[in-house]
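Residues in the sequence shown are numbered consecutively from 62, following my numbering.
Positions of the beta carbon are idealized from the N, C-alpha and C atoms, including for glycine.
Please read all numbers here as calculations on a predicted model, not as lab measurements.
As structure tokens, the structure follows; a few thoughts come after it.
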Amino acid sequence: MTRILGIDPGSQRTGVGIIDVDAAGRCAYVHCQALNLLVDTEDFPARLGKLVFDLEEVLETWRPTVVAIESVFMDKSATSALKLGHARGAAIATVVRRGLGVHEYAPRLIKQSLVGSGAADKTQVQHMVRLLLALGDRKLQADAADALAVALTHAHTSATAGRTGLASALLRRRR
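And the structure:
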């Protein structure tokens, strides 16, 4: 059994989603949440500190065996991308400090993997996450659903790589 932690990094909220994958490649929902990084102050370093603290708690509680994280993309501005990069760096450093492997996936690849289109919108991704993890009509917070999507993408990519015999080459490129 593999336990995958998916991370959707953000400077205000970071989504975390955890799934278990059995030897046959079946995925099961374990946990998801959005880590609210907005503290009493607008101090950005304090938000990064809260991210590290909260992520340590998630790692200790759920004990994932591998981590998948969404890569940086340019959205509104360079400043936003830089802040996102800082949040990703804090999350990656926290995970690596625990000795866990980290795999990165581009947002378009995550959407392509789940929905079939790299241009899919958030509601389509959330729908597929609920469908693939048999969550029914359960309402998922957007950042948490995105984190589950990252975890599912890693599960599917790993399974495909294993079936085709390209596991080491493909997964090595994702690290």
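Rounded to the nearest angstrom, what separates residue i and residue j at their Cα positions?
i, j, result
"T218", "T63", "14 Å"
"V157", "L196", "30 Å"
"R236", "A210", "Low confidence applies to R236: its pLDDT is 48, below 50, so where it sits in the model is not reliable enough to give any reading."
"G71", "A85", "33 Å"
"A142", "S132", "11 Å"
"F105", "A216", "33 Å"
"D182", "M189", "11 Å"
"D204", "A95", "6 Å"
"R124", "T184", "29 Å"
"D198", "I171", "22 Å"
"K144", "S138", "10 Å"
"A220", "G146", "28 Å"
"E103", "T140", "15 Å"
Which residue marks the beginning of the alpha helix (DSSP H) containing residue i, and which one marks its end?
i, result
"T184", "K183 to L193"
"G150", "A139 to R158"
Would you mind sorting residue i into buried or exposed? The rule is 16 or more other CB atoms within 10 Å of its CB.
i, result
"E121", "exposed"
"Q73", "exposed"
"A154", "exposed"
"D207", "buried"
"K200", "exposed"
"A129", "buried"
Mind checking whether residue i and residue j have CB atoms under 8 Å apart?
i, j, result
"V100", "R108", "yes"
"G76", "A212", "no"
"L98", "L112", "yes"
"V163", "I65", "no"
"G110", "C93", "no"
"S174", "T214", "yes"
To which residues does DSSP link residue i through a beta bridge?
i, result
"E131", "Y166"
"I65", "I80 and V127"
"R74", "N97"
Tell me which residue opens and which closes the beta strand (DSSP E) that residue i is part of.
i, result
"R108", "Per DSSP, R108 belongs to no beta strand (DSSP E); it is in the alpha helix (DSSP H), F105 to W123."
"V91", "C88 to N97"
What do you reckon, is the C-beta of residue i under 7 Å from a heavy atom of the ligand ZN?
i, result
"E121", "With respect to the ligand ZN, the structure offers nothing, as it holds no ligand at all."
Please confirm if residue i has its CB atom under 8 Å from at least one CB of chain C.
i, result
"L112", "The structure shown contains no chain C, having only a single protein chain."
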